[in-house]
Each structure stands twice: as C-alpha cells, then as structure tokens.
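Each remark here refers to the structure printed beneath this line.
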Amino acid sequence: MSATSSATSKAVDSPSSSSSPASTYLVLGKYEVVVGMEVHAQLLTRSKMFCRCSADYQGAPPNSHTCPVCLGMPGALPVANRAAVEATIKTGLALNCRIAETAVFARKNYHYPDLPKGYQISQYELPLCLDGWVAIDLPDGGSKRIRIRRAHLEEDTGKTTHVDGYSLVDLNRAGVPLMEIVTEADIASPDEAYAFLTKLRTLLRYLGVNSGDMEKGAMRCEPNISVRTPEMRERGEYGVKVEVKNLNSFRSVRNAIAYEAQRQAQILEQGGQVEQVNMGWDEQNQRTVLQRTKESAEDYRYFPEPDIPPLRVEEPWIQAIRATLPELPDAKRARYQEEWGLRRAEAEILTSEKRVADFFEAAVAAYGTAKGKPQRLANWITGELFRLLYAEGQGQDLRQIAGIPMKPEQLAQLLRLVDERVINPNTAKKVLERMVRTGENPQAIVEAEGLAMVSDTAQIDAAIDQVLAAHPEELARYRAGETKLLGFFMGQVMRALKGKADPGLARQRLQEKLQSEASSG
Amino acid sequence: MTESQTHTPLPDLTIHQALAGLERGDLTAVELTQAVLARIQAVEDQIQAYLRVTAEQALAQAEEADRRRQQGERAPLLGIPLAIKDVLVTEGVETTCGSKILQGFIPPYTATAVARLEEAGAILLGKTNTDEFAMGSSTENSAYQTTRNPWDLERVPGGSSGGSAAAVAAGEALGALGTDTGGSVRQPAALCGVVGLKPSYGRVSRYGLVAYGSSLDQIGPITQDVRDAALLLNVIAGHDPLDGTSLPEPVPDYTAALTGEVKGLRIGLPEEYFVAGIQPEVEAAVRAAVAHLESLGAEVLPISLPNTDKALPVYYLIAPAEASANLARYDGIRFGYSAGAENLFDNYRLTRGQGFGPEVKRRIMLGTYALSAGYYDAYYLKAQQVRTLIREDFQRAFQQVDVIAAPTSPTTAFRIGEKIDDPLAMILTDIFTTSANLAGICAISVPCGFDSQGLPIGLQLLGPALGEEAILRVAHAYEQSTDWHKRRAQLPTSAS
C-alpha cells in the first residue's frame, strides 16, 4: 500500500492544529516535506496467522516452527487466527479507526523463495480498520493529528539468508501475524515522523499487541517521502514519492527522511525530476541508496482469498474488544496532571511506557495522593530510579522497571522514611540503590547499615566543634567575612557524621555556632 | 455368499453388499482386497486407472480390518477397498496430481476426507489417474497415462476423475473418491456408467485436496450405486477445523434418505439444458428418465435457469484465476520437480516450464491475465458478478422445485484423441456441470441408459446447497426402479 498520493491527486485538508509557517520544516528554505508512513507490526499471538505453529520463533532452529500450512504444502489450507483479528480490531479502536463490518482477506501474488505459497495472504480492498488518527505533540506545545488511512492484517514472510553463493530459506517467520498500519501523508518533518512512531509504539505496547522491537524486526517502518513547494501545495499537488526501506530504528527513520528530503530538493533545485523508486537506508554512511525502480513495479493481481470466508465483524464483538482496552497514554497523562497535579514533563515520561505507568500508579496507591506526594514520587522515579535503570540495564529500555526486585510499594516506604525524617534524602538515594539491586525493604537496609538520621543536637554540636577546631585557617577566613565557607563547614560536618545528620538541624546549629564564635571573638 | 450374490465376483460387489458379506462372515477383508488386487492385476494394463497401487499397504490394512472385526469392532467402512484420486494427499504415498511437477512428492500429511475413510476402516488400494491438477475432462491431460473407458477401450473415461470412475466401473475398487471443480466427478461417472456425487461446497473438507479452483473444488464419491455414495458421504462429510470454508451443519445419515419414495417431489426440467449440440440419444434417455420419475409419482415442472449459457465463460475465468495463484507454490524449491538451474529466476522458469503440461500452462496464463491490472474489472470481477446471477437462478428455481433434472454430459464417451487438440470442444463437455460448482449446490450423476454403441448415459440431479438428501433420494428411487446400474462393462481380460 502506498501512503502518499500520486502527483496528480488532490490534497486533503490536514486537520493539523499547528501549521503556522513558523513551525514548518523547510528544506533548502522552500521545500516542504510530505511523508506517509507504513508500519508493519508483528502481533504477539501464541500461534501463527493461519496455522497452529508457535509464532514465538526468535532464536529457534531454522524451519522448526513449520507445518504443511505455513510451508505452503499442496492441499494445505489457511484458517484465520481469531486472536490476531481481535488484536487488530483492538489496535484500530485505539487508533480511533472505524472497524469494517466485513473484512476480506486477499491474495497478493508474487514469487520469492521466502513466500512459500507464491502469494501472501493480506487484505486489500476491505481492510479491518479504516480512517483513524493518532495525536502527536509538537515542540511548540501544540498537538497534531496524523490520520490513519487503514490498518489491516496479513502474514509475515520467511527469511532468506545469502551465504557463499547460496540462498538459505528459514520459514519460521512465515505466517506470523503481521498488522500493517498506513497513515495519510500528514507527516511534515523528520521530528514529526519520530514523534508519530514513538507514539504508535507506545500505543501498541499499551495494547500488548506488539513488542515494538525494531531491531528484532517486530516493528518495521517504511516512510514514503516527497517534497513540494508551497505553490504546489496551494495547487493541491504532491511531489513524486520515494519509499525508503531497511530502517532499523526510529532515529534511522528520522535521519532517512531528512536525507531523502534534502536529496529530492536538490534534484528539483537543479531542474531535475525525482524518480518514483524504492530506496534503502545505508546506516553506515547515513544515506539512501537506490533499491529498485518502479518501472519494473510488479502487478500483484490481488483477488479475494477463496480459502477464507469474509470476516463479519458485528457490533457486540467490537464492544467486547473495546471493553478490554486499557487506559491509553493520553488519557493517563491528563489524569496524572489533573487529578494528581503532576507537571506535564513527568506525566509524559511516566506514561510513555505502560510498565512505568503501572509502577508509578502502584507506588502512588501505596504512598498516597495528598498534595505534592504523586509529584514527589514522580521525581524519584524519573530522576533517581531511571538513572539507576540506565546505569544497570542494557540500553535505555524503561520497560525494565517491571523486572527489578524492588516493588513500587517499597519505593513508597522509602519516601515515607524521608518524610518522617528517619533518613535524609541523600541517604535515601543510597538505600534506593540497594533496594533496586536486592529488593530489600528500606527499613531493613537503614537498620542494617545504621543509616538513621542523626538528630541529636549534642552529637551534632560535638561534630561541629571538632570540625571548627580542625580548620582554624578556614575559621579565620570566615570570620574575616568569607561567609561562603559555610558550605565547606557544612560538608565537613556531614562527613564527620557519615552523611546521616539531619541537614536542616546541622545547618542551624552550625550557623548559630559560627555566629556565637564571631560575636565572642 | 447369499443367493443374490452367488454369481457376483467379489470385485463387482457394491460396498453395501460387501459390508453385509463381511458382517455375516461370508468373506474377509483380506479375501476381498486380494480379489480386487487380482482384478487390478488382470485389467490394469488395459484400463490404466491407477497411477500407483499400494498393494502391500492395502493387504496390511485388510488384515487389520479383519482383526478389528473379529474383536467385535464395527466401523462404517471396515474392510472396504477404495481408490483415491491422486489430487488428494496421502501421507507417505507419492501424490503427483497427474503432474510431472510433483513427481516424487511424498506428502507429510493426509487429506481430511481420506483420513476419515481410514478411520472408518476403509482400505486404500492406491492413487488414481487424473488430468493434471484436475484440469481436463478426459484424463488425457495426465502427464503419465491416459485412462481407458472400461466400456470401450478406445474411448476416454471422462475426467478429471477418470481414473477413479474407470476403476469403479472395472471392479478395480469398490468405490473411489474423486474431486469435482466443474464436473470432474459427475462427468466421468456418467461416461463410465457409475454414480458420481458432487456435494455442496463446504460439505466435505478440502484440507489435503490439492487446490485447483478453491471456491469450486469439492471431493465426492464415485460408486456403483446410490446407496454406496450415501455410505461414503456419511463418512467424509462434516465440519473440519482445518478448512475455514467447511460448513458447521451436522451430517445426517444419508442412507436414511433412501426411502424409494418420490411421490409429491417436484422435479424441475430446465429448458436451457436441452440445447442444440446435445447428442440426441442422451437427450432422449434423460427425458425418458424424467418421465419415469413422473410415473413414480414425482411432479415434473418446466423451469428456467436463464444464466445457464454464461456458466462456462464464468467458470473459465474464475477457476483459472484461482488456479494461477494456487499453482504458484510449485517453484522447484521445497518439493517435487526442480530443474536445478543456476539462478533463481531460471529455476522458476525452467521448473515450471518443464514441470507443467500445456493445459495447466494455458489456464495459469488465462487466470493471470484475468487478474491483471486493467483487466481485473472486465474479467474476474465481472465473472464474480455473473456468478452471483447464476447462484440466484438456482435459488429462485429451488423455491419452485425440490430437485432439478438434466443431462450430466452432452455426449457419451468420446474417442481418445478426439478432442485433445481442440481445447474449446473439450471445455464444452462441462456445459451442464459447471453451474453447480459456481452456485455451490450439490448434484449427482446416476446411470440412465446407453446409446446405440452401448456407451453409458448419465442423468444429473441437482439439489440446493446442503440438499444432498433430496438428490440421493430421487437418484436412489430412480436407480432401484431401473436396472441400468446393474450392467457391467465387458472387461478386456477375463476377470477374477
């Protein structure tokens, strides 16, 4: 499916709420970028799309997840996987799509060794989901709707590997349910593409229908990119589009769009014409390279799949699926801000992954929703806890939060220890580190390590006297008016008390002592 | 042996006669199977109904059947030797579909219909000849051999299930499975003087039937008489979770429909099926059969199926279109014949160029064309629209009548080679049969006489979707009050 319309088709008004010239992304000062996105997402079903083979093939020996159906054996027949249909409908609902009353599978005919039947079962004229949208946030604080043209269900192909002049075919992936989501050509910059993909991945993960792992090929993005002058836009015209494949990360998508737009704009600038071709992304050299020209474009001869009766989707079924939809990130973020008074920045980060939001909400439930409390938790999670996750985990996958030994309730306990002045915030950071590693209760760590805050004035005064006695030179300079040395003394006092001193109390006693010394001196 | 069967050689028994004999202990499955294998031995050189005979396996199954019966087990077809058209996959037994491209293909699984026969105790004798991928009406399109009509060895047995029909007619099997995409069970049954039933679309699972025209293909029994057809249908019909197009409706006992009673049944006679070009003796025999049914108490009504003349062109767009995709998997990579060329494209080109015969290539090209950009609307889509009209013709007709009577084939068996170089003439032999496939309804062919050369003529009875009981009942009543079905072909060699 193609996302951007051909050069002759008319533009449709974009429902963008922010199309002020100031925010328009322009190449060479005058070319607008027009991008439509095709996203393929493997569905997290137990079995394949049309047979009972396990769809969980990652790491399995080649061709071990196969049967007569997904091998395309003579006489074998496909039977549609109901769970995959439901996952697609669920996604359609989350993408604000209309769910078709009747959806029809179709055969897409072409020959390739990783396509065992010689046709791919897909959907063509009658897809499951139509006419939806996804809202993305713009840097200027506004938001924009990227319209979804369609979302349909098909089967993945196998994998071909070329080794020493041979081609090896592994059909473990063949027949894995694949959802194709196609946007309208509403994306107007590399950053918008990035924002759209991030948002889409967040949604798919919330729904539990796709892992969002681009590097494993579970999610694949193919932007259709064209450029045009503002005059062309006024005439409702589009430039010639180029499809870019082989993109392995959202960052690559962003870079590829920027590169490709630049390339096309330069061609036009030099009086040339952009050719309708497929390009591949060369990650190493950060550029697009020609894959094949569309002159030899294949005629896929789509026709309705006679082996699978048309899918009737009745309203009660849709309602039952709708009832399984989780609270989606936008709604969650609004709730965090409105009900719990969170700042937008933290609300956004916390809702970017469902597992993070789940962790946060469990912690809030344990800690309480009194004014300021959810924000304080949010600060700890997005600050200290994320820092620890990044340091200890692989990459920056925040979903790891669900796998750490520390439970959300324990984080709430930790904050309560700070609130109750049992430990000071700095100690709490140390305790947190051990909690994340071991899952011990904060109270137990505080006791084991003797980290309880020192609030005994006699003990604090003794430490102060000791510090002042040990630093006569600094004391003299302080008395001479170098009051910024207060910080130095404070640090020394905290150190003397192994960081456990009640910082407020220590500071107060120190100031008093210095003042009395000054007046007495 | 009971008196009535005393003079019937074992291979010529009907299935129900054999079952009765096995039940009484008059014969064993091993004796029966040995007798049929001996018949095959005796006549197969001349008939060439089988692509391969699995004698050893059949005898082992026969011994097993006898053992089970001795232990008191009863299964609907326990000990009955049957033949299977070679477009149905059989685990461990080479399945070629009459094509060079599947030479050496040993399927890793068994078709549902065949598995059900085996579960019911049937013995599998082997795989019967067929036009390549069931594309043809004479078996002359088989890449391996042309089957001869037991009634006249110079003539074709019909097709594409010609091997199965000839085997049953020659006593080389007590019954057989064929497949019917545009008449491929009914037409050879008519030409070989046996009974052939095409069930309603979805009544029998297609899982393991190597697809030709997926929206048209159905598996059906070919037997000596109507009761046998009902017995086989009882076993193979029913929902299969492996076929999304198989129907969930429960399967009745089809033999219960064989009451012999047709009083008050309304039989429609479509004017469009008695057209110029039909062999006069065929028309006369069919009209006489209808008159006979009327004499038995049925009511005969003239009806109209106005879109009948469009069935052939519609069929020859839809079936090849589906076939063009269905046959794409024969690419020389995973199974069957491979040209072993140096690069991928050459291997596709040479494997398919050498592996497929001319009729298959013709239909792949026809179907590819009909689906191509710029032609789809005019051909494939238009054909689907007309298909709906044909279906509606039958829906209207079945509001007036219970069954429709017509000839099965416009002619009796033609000579080998007579039409093979004239694809259009060959296609016209399907003129009365393709409509039932397009409409998804059921139909049966039952012997109704012989022409002046002693060649069998078939009466076709068509019923609505899932109306198998009605057509079986009428066919049975007709058969039991006539004796066409009792005549056997004079076999080339003295039979056992």
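First to last, the sequence lines map onto chains A and B. Numbering of the first sequence is given in the numbering used here, commencing with residue 1 and proceeding in unit increments. Numbering of the second sequence is given in the numbering used here, commencing with residue 522 and proceeding in unit increments. Don't be surprised by glycine CBs; every beta carbon is placed ideally from N, CA and C. Computed from a predicted model, the values in this text were never measured in an experiment.
It is roughly 8 Å from the alpha-carbon of Arg573 (chain B) to the alpha-carbon of Glu615 (chain B).
Excluding residues up to 5 positions away in sequence, Thr929, Ser930, Ser966, Gly979 lie with their Cβ nearer than 6 Å to the Cβ of Ala711 (chain B) in the same chain. Annotation: the stretch 660–705 of chain B contains the following complete segments of the alpha helix (DSSP H) (minimum length 4 residues), in chain order: 683–690. At a C-beta separation below 9 Å, Tyr869 (chain B) has these neighbours in chain A: His111. By the Cβ-count criterion, Phe866 (chain B) is exposed, with fewer than 16 other Cβ atoms from all chains shown falling within 10 Å of its own Cβ. Between the stretch 786–800 of chain B and the stretch 826–833 of chain B, the count of C-beta pairs closer than 8 Å reaches three or more; the two stretches touch. A Cβ-Cβ separation of about 28 Å leaves Cys97 (chain A) out of contact with Cys70 (chain A) under the 8 Å criterion. Residue contact with chain B for Ile308 (chain A): present (Cβ-Cβ distance below 8 Å to some residue of chain B).
Residue pairing for Glu38 (chain A): DSSP places it in a beta bridge opposite A:Val182, A:Glu222. For the stretch 755–780 of chain B, the set of positions with a beta-carbon nearer than 8 Å to some beta-carbon of chain A reads Pro762, Leu763, Asp764, Gly765, Thr766 in chain order.
Under the Cβ criterion of 8 Å, Leu865 (chain B) is counted among the residues facing chain A. If you draw a 10 Å sphere on the C-beta of Asn224 (chain A), you find 16 or more other C-beta atoms in it, and that means buried. At least 8 Å separates the beta-carbon of Phe915 (chain B) from that of Ile839 (chain B). The beta carbon of Ile181 (chain A) sits closer than 6 Å to the beta carbons of Val39, Ala151 from its chain, once the five residues preceding and following it are set aside; these are given in chain order. Chain A places a beta carbon closer than 8 Å to that of Leu892 (chain B), counting this residue as a contact. Closest by C-alpha distance to Leu779 (chain B), out of B:Gln905, B:Ala690, B:Glu1000, is B:Glu1000.
About 18 Å separates the Cβ atoms of Glu215 (chain A) and Val244 (chain A), ruling out a contact at the 8 Å cut-off. Ranked by how close their Cα comes to the Cα of Phe919 (chain B), the residues B:Ala559, B:Val677, B:Gly988 have B:Gly988 in first place.
Within the same chain, and ignoring the five residues on either side of Pro190 (chain A) in sequence, the residues whose Cβ sits closer than 6 Å to its Cβ are Arg254, Ile257, Ala258.
Contact holds between the stretch 757–769 of chain B and the stretch 724–731 of chain B, because three or more Cβ pairs, one in each stretch, are under 8 Å apart. Two segments are said to touch when three or more pairs of C-beta atoms, one from each, lie closer than 8 Å; by this definition the stretch 550–568 of chain B touches the stretch 591–604 of chain B. For Phe105 (chain A), the enclosing beta strand (DSSP E) starts and ends at 105–109. Secondary structure remark: continuous beta strand (DSSP E) runs of at least 3 residues inside the stretch 698–758 of chain B, in chain order: 716–719, 739–744. Excluding the 5 residues flanking it on each side, Asn670 (chain B) has same chain C-beta neighbours closer than 7 Å at Arg676, Val677, Pro678, Ala687, Leu712, Cys713, Ala934, in chain order. Closest by C-alpha distance to Ser721 (chain B), out of B:Ser956, B:Gln921, B:Pro841, is B:Ser956.
Sequence-distant Cβ neighbours of Lys648 (chain B) in its own chain, meaning closer than 6 Å and more than five residues away, are Leu572, Arg573, Ile605, Asp607. Between Tyr733 (chain B) and Phe654 (chain B), the CB-CB gap stays under 8 Å.
Distances from the CA of Ala812 (chain B) to each of B:Tyr901, B:Ala927, B:Ala777, B:Ala862 were compared; the closest alpha carbon is that of B:Ala927. Residues of chain B with a Cβ closer than 8 Å to the Cβ of Met49 (chain A) do not exist; the shortest Cβ-Cβ separation is about 12 Å. Within the same chain, Gln120, Ile121, Ser122, Gln123, Leu178, Glu180 come within 7 Å of Glu154 (chain A) by CB-CB distance, once the 5 residues on both sides are set aside. Residue pairing from DSSP places Met279 (chain A) in a beta bridge opposite A:Val244, A:Leu290. Under the Cβ criterion of 8 Å, Gly619 (chain B) is not counted among the residues facing chain A. DSSP places Val431 (chain A) within a helical segment (H, G or I) once states are collapsed to three.
In this structure, Asp972 (chain B) lies near Glu802 (chain B), with their beta-carbon atoms less than 8 Å apart.
Straight-line spacing of the CA atoms in Arg421 (chain A) and Arg355 (chain A) works out to 30 Å. The alpha helix (DSSP H) runs of length 4 or more contained entirely in the stretch 807–860 of chain B are, from start to end of the chain, 832–847.
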